[in-house]
Amino acid sequence: MTFKVVTPGFEQEFTRWTDALEKANAMKSSLKSWFKDIRILEGPQPTWKPVWVYGRGRSHPEYLGPGTYDRLARLFMTEAQAERALTIRGQSFQWGTRTYLMGVLNITPDSFSDGGQFNTLETAIAQAQTLVDAEMDILDIGGQSTRPNAKATTLAIECDRVLPIIRAIRDSPHPRLRTIPISIDTTRAEVARAALTAGADMINDISGGTFEPDIFQVAADHNAPLMLMHLRGTPETMQQMTDYDDLMGEIILFLAAQADKAVAAGINPANIIVDPGIGFAKTAEQNITILRQLDALKALGCPILVGTSRKSFIGKLLNRPEAKDRIWGTAATLSCAIAHGADIVRVHDGPEMRDICRMADILWRAS
-1 MTFKVVTPGF EQEFTRWTDA LEKANAMKSS LKSWFKDIRI LEGPQPTWKP
49 VWVYGRGRSH PEYLGPGTYD RLARLFMTEA QAERALTIRG QSFQWGTRTY
99 LMGVLNITPD SFSDGGQFNT LETAIAQAQT LVDAEMDILD IGGQSTRPNA
149 KATTLAIECD RVLPIIRAIR DSPHPRLRTI PISIDTTRAE VARAALTAGA
199 DMINDISGGT FEPDIFQVAA DHNAPLMLMH LRGTPETMQQ MTDYDDLMGE
249 IILFLAAQAD KAVAAGINPA NIIVDPGIGF AKTAEQNITI LRQLDALKAL
299 GCPILVGTSR KSFIGKLLNR PEAKDRIWGT AATLSCAIAH GADIVRVHDG
349 PEMRDICRMA DILWRAS
């Protein structure tokens, strides 16, 4: 029998349980982050299983010993989910119970998948209604393309694109459209502030707060959930920055560091959602690795958002150069993501992905 003490950035094996426990206890005082924990894993048959976990965000260490693992694991999972649940405009997000759907509404002329289709008020509202009818849980509205090689637009143009749409949705005569949670897909603090004032509820920042750190304060001031994504470089440069020594370890450390900055700015830890950044400074092979190892992000204790919809790595692997032809490849990636712990998936094709996710929930979620 072998025991392994692990925390982001550290890993050490022991042959005796008491030695592993002594090491883990000695590390407690150095654990400053709310989004990291110390675990003792038992293995390696056939996979490593946690037998002890300590985290600052928990009221007490978890001891998951022989014969008690399933019972205690369910208790701790239920407790953690209840503490992390969100309620937005009357909609409750109970993480771990099902997959929540985020429908994409790009108000841009140059997005990789649907650029120019919804950049008028009439077409944008019609698409928003289509997504609501497909039972999306969140609308993700963006006015700046983040596809590879995309150039940044101006602050004024981005505001002019998204703010009228948000206001029109909030003024809609359709009750569900009027009350659906809206996330603003932006890296700019002032766009986020204006969007929240106009009626958005959440911020989806693909830079993880690195482009404009003031966005943390905006989220804190509005008590708004903040989605932090892993990214290197910018959309113009990111695909030249795919060299990693430890892909998942570096993603986790980045997200933990940005989440700590968010908490330091006054954001409630329960309002933080993490995204590994599929397709952003990642090769096709690295995207597959992330999907297969997505559950590693659970160590952060945050809901996990995954966006694979219509992305180029699917086109590369399946020889589908047109983004709209990647629907079934997208479906496979979402099923994999759900099997490995995704809480929210970001999608373009509402009805199809709704059914895929509902079936995946039946297959992969114990509830």
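Residue -1 is where the sequence shown starts when you use the numbering used here, and the numbers rise one by one after that. Quick reminder that beta carbons are idealized off the backbone N, C-alpha and C, glycines included.
The beta strand (DSSP E) runs lying completely inside the segment 134 to 192 and spanning 3 residues or more are 136 to 140, 180 to 183, given in chain order. Threonine 306 and threonine 331 do touch by the CB rule: their CB atoms are close to 4 Å apart, below 8 Å.
In the structure shown, the three-state DSSP call for proline 267 is helix. Partner residues in the beta bridge of aspartate 203, as assigned by DSSP, are Leu226. Assigned with DSSP and collapsed to three states, asparagine 285 falls in helix. Beta-bridge analysis with DSSP links threonine 85 to Ser90. Residue range 98 to 104 is occupied by the beta strand (DSSP E) that includes asparagine 104.
In the three-state reduction of the DSSP assignment, leucine 29 falls in the coil class, being assigned neither a helical nor a strand state.
In the DSSP assignment, the residues bridged to isoleucine 38 are Val3, Trp50. Judged by DSSP in its simplified three-state form, glutamine 291 adopts coil rather than helix or strand.
For phenylalanine 214, the enclosing alpha helix (DSSP H) covers residues 212 to 220. Three or more Cβ pairs closer than 8 Å define a contact, and the segment 19 to 27 falls short of that threshold against the segment 262 to 277. Out of Arg344, Ala218, Gly348, Val3, the CA that lies nearest to the CA of aspartate 199 is found in Ala218. Beta-bridge pairing by DSSP links arginine 14 to no other residue. Across the set Ile182, Pro6, Thr121, Asn285, the C-alpha of Ile182 shows the shortest separation from the C-alpha of alanine 222. The alpha-carbon of methionine -1 is positioned some 18 Å away from that of valine 51. The straight-line gap separating the alpha-carbon atoms of tyrosine 98 and isoleucine 325 is approximately 18 Å. Between aspartate 203 and methionine 239 the beta-carbon gap is near 18 Å, outside 8 Å, which marks them as no contact.
In the DSSP assignment, isoleucine 276 falls outside any alpha helix (DSSP H), carrying neither H nor E.
When rounded, the separation of the alpha-carbon atoms in alanine 364 and leucine 153 is 45 Å. For glycine 41, the closest of Trp15, Phe33, Glu20 by C-alpha to C-alpha distance is Trp15. A distance below 9 Å separates the beta carbons of leucine 245 and glutamine 284. A Cβ-Cβ distance of about 5 Å is found for the pair alanine 254 and lysine 34, placing them in contact under the 8 Å criterion. Threonine 121 and glutamine 127 have their C-alpha atoms spaced approximately 10 Å apart. DSSP places arginine 344 in no alpha helix (DSSP H) but in the uninterrupted beta strand (DSSP E) bounded by 342 to 345. A residue is called buried once 16 or more other Cβ atoms fall within 10 Å of its Cβ, and proline 301 is buried on that count. DSSP, read as helix, strand or coil, puts glutamate 248 in helix. Straight across, the Cα-Cα distance linking proline 171 with aspartate 293 is about 41 Å. The shortest CA-to-CA distance from threonine 185 to any of Leu103, Ser143, Pro162 is the one to Ser143. Sequence-distant partners of alanine 268 (beyond 5 residues in either direction) whose C-beta falls short of 6 Å from its own C-beta, in its chain, are Arg82. Residue state for phenylalanine 209 is assigned as coil, using DSSP reduced to three classes. Alanine 321 is positioned such that its CB atom lies no closer than 9 Å to that of isoleucine 354.
DSSP places glutamine 127 inside the alpha helix (DSSP H), whose first and last residues are 119 to 131. Taking C-alpha positions only, valine 102 is separated from proline 146 by approximately 17 Å.
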